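Undergrad: The working numbering puts the first residue of the sequence shown at 334, with every later residue one more than the last. Dropping a structure here in structure tokens format, bear with me for questions.
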Amino acid sequence: MTVHDDGSVVYQLDRFELTLRPMTDAELNRNFAAASTGGVESTNAYTFGDSEFSGLDSTRQRFTVFHATMKNYSYPKVKLDPAQTLLVAGNGRQYRSLSLSQLGNYYRAYAIGYRGNEYARLRERLDLLRQTMLTDDVVFSGQESEGYLVFPVLHDDVTDLQLILEDVILRFNYNDEPTESIQLSYAFDRQTGKLYPDGQRVVTHEPAAH
């Protein structure tokens, strides 16, 4: 594994690469700028957009998001199933990746009665997810694939964690059945701290320098 300055971690085997990078809400809002305005009516499905929360909620997140990039220049075809991904924290907490269906159920709770504008915003959020989440599509030789992996929000006591890709398929037989697969584990460290009612912020854990 190679760790880059932007926080991304790269696994490379010959000319096959699989890169994971943790995303901040600020980055996601920039990536989807048009969908990140309007406060509570923003349609960025990964964040709360430009909504402002006061006090202890000012650092509130909607999800934990990673960007994945797969480059295949070694094998006839490869496949990664986003459903087979798991975050394991050093303190034992575990977080399964969220599927498009699960995220759809999450957002349908906001579209009460599917009334006009609320239903339109639901459709915009789901469209954004469909277009940008990582899929389990086969990546053929000479192709690249990218998308987002989505997990629940991490607890405040999580500092170090492993993102485990449980089933990366590298080879198939003539019946399209997997014959060779690997499990990959990516290590990440994050800054944590405490936010006090008076607005004071105190860092309690700083990621180690690479």
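Heads up, the beta-carbon is just placed ideally off N, CA and C, and yes, glycines get one too. None of these values were measured; they are calculated from a predicted model.
Could you tell me which of D490, G475, T418, D489 sits nearest to R348, measuring between CA atoms?
TA: Counted from its first residue, the sequence shown places residue 348 at position 15. Checking every option, the nearest Cα to that of R348 belongs to G475.
Undergrad: Output the boundary residues of the beta strand (DSSP E) element that contains Q476.
TA: Against the sequence shown, residue 476 aligns to sequence position 143. Element bounds for Q476: 476–484.
Undergrad: Would you list the one or two residues that DSSP bridges to V342?
TA: For the purposes of this step, residue 342 is taken as the residue at position 9 of the sequence shown. In DSSP, V342 forms a bridge with V336, L353.
Undergrad: Enumerate, from N- to C-terminal direction, the unbroken alpha helix (DSSP H) stretches of 4 or more residues contained entirely within the stretch 376–448.
TA: Runs found: 433–441.
Undergrad: Might you give, ordered along the chain, the residues of its own chain that have their beta carbon closer than 6 Å to the beta carbon of F381, omitting 5 neighbours on each side?
TA: For the purposes of this step, residue 381 is taken as the residue at position 48 of the sequence shown. Once the five neighbours on either side are set aside, the close Cβ partners of F381 are R395.
Undergrad: Would you check if the stretch 419–431 and the stretch 467–485 touch, i.e. whether three or more CB-CB distances between them fall below 8 Å?
TA: Verdict: yes, contact present.
Undergrad: Inspect the CB distances between the stretch 510–521 and the stretch 492–502 and report whether three or more fall short of 8 Å.
TA: Counting Cβ pairs under 8 Å, three or more are found: they touch.
Undergrad: Hey, S384 and V373 are a contact pair by Cβ (cut 8 Å); roughly how many whole angstroms apart?
TA: For the purposes of this step, residue 384 is taken as the residue at position 51 of the sequence shown. For the purposes of this step, residue 373 is taken as the residue at position 40 of the sequence shown. Correct: roughly 6 Å between the Cβ atoms.
Undergrad: Across which residues does DSSP place L459 in a beta bridge pair?
TA: Residue numbering aside, residue 459 sits at position 126 when the sequence shown is read from its first letter. According to DSSP, which records beta bridges pairwise, L459 is partnered with nothing at all.
Undergrad: Taking the straight line between their C-alpha atoms, what separation do you get for L413 and Y344?
TA: For the purposes of this step, residue 413 is identified with residue 80 of the sequence shown, where counting begins at 1. For the purposes of this step, residue 344 is identified with residue 11 of the sequence shown, where counting begins at 1. If I take the Cα positions, the gap works out to 14 Å.
Undergrad: So, is Y408 buried or exposed, given that buried needs 16 or more other C-beta atoms within 10 angstroms?
TA: Taking the sequence shown and counting its residues from 1, one reaches residue 408 at position 75. Y408 should be labelled buried.
Undergrad: By alpha-carbon positions, which one of L459, Q495, N506, D522 ends up nearest to Q516?
TA: Looking up residue 516 in the sequence shown gives position 183. With distances taken between Cα atoms, Q516 lies closest to Q495.
Undergrad: Within its chain, find whatever has a CB closer than 7 Å to the CB of N424; leave out the 5 residues flanking it on each side and keep chain order.
TA: By one-based count along the sequence shown, residue 424 stands at place 91. Same-chain partners within the cutoff: D490, V491.
Undergrad: Excluding the five sequence neighbours on either side, which residues of its own chain have a C-beta within less than 7 Å of the C-beta of G437, listed in chain order?
TA: Mapped onto the sequence shown, residue 437 falls at position 104. Excluding sequence neighbours, G437 sits near L459.
Undergrad: Relative to the alpha-carbon of R454, which residue among P355, G340, V336, T370 has its alpha-carbon at the smallest distance?
TA: Looking up residue 454 in the sequence shown gives position 121. Answer by Cα proximity: T370.
Undergrad: How long is the line joining the alpha carbons of N362 and R393, rounded to whole angstroms?
TA: Within the sequence shown, residue 362 is the residue found at index 29, counting from 1. Within the sequence shown, residue 393 is the residue found at index 60, counting from 1. So the two alpha carbons sit approximately 14 Å from each other.
Undergrad: Closest to T352 by CA distance: which of D358, S341, L346, A520 is it?
TA: Your numbering for residue 352 matches position 19 in the sequence shown. Out of D358, S341, L346, A520, S341 has the C-alpha closest to the C-alpha of T352.
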